[in-house]
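Scroll down for the structure; my scribbles are underneath it.
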Amino acid sequence: MWIIGRGLAVCAVLVLAAGCGVEQPIAPEPAPEAAPSSVSAPVLESAPAPVVTPGAGRTGVKPPVVQHGPRDRDVVSLTFDADMTDAMAARLRSGAVSSYANLALLKLLERRKIPATFFVTGQWAEQYPQLTRRFAGNPQFEVANHSYEHAAFTAGCYTLPQLPPGAMTEDVAKTFRVLEPYGGRQTRYFRFPGLCHDKAALKALAPLGVTVVDGDVVSGDPFARGPAPIVRAVLSQVKPGSIIILHITEANAQYTDDALPKILAGLQRRGLRPVMLSEMLDGPSGG
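Numbered according to this note's numbering, the sequence shown spans residues 3 to 289.
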């Protein structure tokens with residue numbers, strides 16, 4: 003008994019020392035710490051700012067009429083009307099005139115990278131789709147509305163035939179539809195043929211959400227007998243913020259391309275820089 007007891011005692015001592023042959027449970031190893039994630043939290047992007055079309059205004063109210071831009075910036079806007087009346091289209095078809103598109107003027111603007119705004123009639127765009135595409139495809143240019151058939155919106159507007167009051171809204175809306183597929187820098191600027199408008203004409207445009215653009219520098223290029231009168235007319239009137247009205251219709255404004263280099267030189271001497279109409283009216287973003 004003592005031996006057995008002694009053996010148990012010895013075993014007890016050995017258990018304490020070395021386990022006495024009895025397998026001891028192994029304590030679980032601590033779980034490794036999780037490595038920091040290399041994936042950062044998703045960044046929520048803000049929604050892009052809505053694209054605002056230059057000249058777009060409220061519908062249902064008479065549109066604003068712009069004569070010039072801010073006078074506190076040394077910029078001006080060169081605007082070129084692309085007229086096409088029914089009578090002009092007939093003269094083209096008969097061969098009485100060769101072209102109502104001044105290619106020399108367009109090439110000059112392109113070569114010298116001069117910003118410009120083109121007020122295009124729907125009939126001119128239909129007659130010259132490739133040139134309209136050139137306007138729209140050039141980031142220095144923007145496209146505006148000059149009515150469909152260049153008919154008058156008031157009585158006694160030069161020798162232009164007068165639109166019936168009920169046809170005014172559709173005439174302008176139709177031109178927007180003609181111009182829109184060309185893309186590029188489309189605007190909601192509108193210029194009345196002959197700059198002739200009254201309260202009734204403005205009311206007719208209320209559903210379209212446009213800005214009416216007149217201008218404070220009339221070059222008189224359709225009636226000029228040479229480039230010099232055009233240059234004098236522009237440089238004698240121009241100021242900071244001026245909207246200059248010129249034409250790109252070769253057959254009835256054939257001296258505009260000859261006058262333009264001297265006009266540009268005169269603007270430079272006065273420290274005036276040409277910009278697109280939207281940049282002058284809406285700021286450098288152009289809308």
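Positions of the beta carbon are idealized from the N, C-alpha and C atoms, including for glycine.
Residue i and residue j closer than 7 Å at C-beta
{"i": "S221", "j": "L248", "result": "yes"}
{"i": "Y191", "j": "A253", "result": "no"}
{"i": "A169", "j": "L162", "result": "no"}
{"i": "M282", "j": "G71", "result": "yes"}
{"i": "F143", "j": "A106", "result": "no"}
{"i": "L207", "j": "D76", "result": "no"}
{"i": "T177", "j": "G59", "result": "no"}
{"i": "V174", "j": "L210", "result": "yes"}
Nearest neighbour of residue i, chosen from the options [CA to CA]
{"i": "A89", "options": "V174, K201, K205 and E151", "result": "E151"}
{"i": "S244", "options": "V215, R136 and L111", "result": "V215"}
{"i": "T123", "options": "A206, V63, R275 and I250", "result": "I250"}
{"i": "K205", "options": "P224, Y160, P167 and L181", "result": "P167"}
DSSP state of residue i mapped onto helix, strand, coil
{"i": "Q270", "result": "helix"}
{"i": "R75", "result": "coil"}
{"i": "I232", "result": "helix"}
{"i": "D83", "result": "strand"}
{"i": "I245", "result": "strand"}
{"i": "F192", "result": "strand"}
{"i": "F120", "result": "strand"}
{"i": "A255", "result": "coil"}
{"i": "R275", "result": "strand"}
Euclidean distance between Cα positions of residue i and residue j
{"i": "T81", "j": "P195", "result": "14 Å"}
{"i": "S79", "j": "A203", "result": "25 Å"}
{"i": "S101", "j": "W126", "result": "11 Å"}
{"i": "H148", "j": "K201", "result": "18 Å"}
{"i": "L266", "j": "V236", "result": "10 Å"}
{"i": "D85", "j": "Q129", "result": "11 Å"}
{"i": "P141", "j": "R187", "result": "7 Å"}
{"i": "F225", "j": "T189", "result": "28 Å"}
{"i": "K109", "j": "A138", "result": "15 Å"}
{"i": "V219", "j": "V99", "result": "28 Å"}
{"i": "R255", "j": "I232", "result": "Contrary to the premise, residue 255 reads as Ala rather than Arg in this sequence. Answer to the nearest angstrom: the Cα atoms are 10 Å apart."}
{"i": "L197", "j": "R113", "result": "30 Å"}
Cβ neighbour criterion (16 or more within 10 Å) applied to residue i
{"i": "P183", "result": "exposed"}
{"i": "T61", "result": "exposed"}
{"i": "P229", "result": "buried"}
{"i": "F120", "result": "buried"}
{"i": "Q132", "result": "exposed"}
{"i": "Y257", "result": "buried"}
{"i": "P66", "result": "exposed"}
{"i": "V240", "result": "buried"}
{"i": "A103", "result": "buried"}
{"i": "R73", "result": "exposed"}
{"i": "V63", "result": "exposed"}
{"i": "P290", "result": "Shown here, the chain extends from 3 to 289; a query on residue 290 therefore has no answer."}
{"i": "G217", "result": "buried"}
{"i": "P263", "result": "exposed"}
{"i": "G185", "result": "exposed"}
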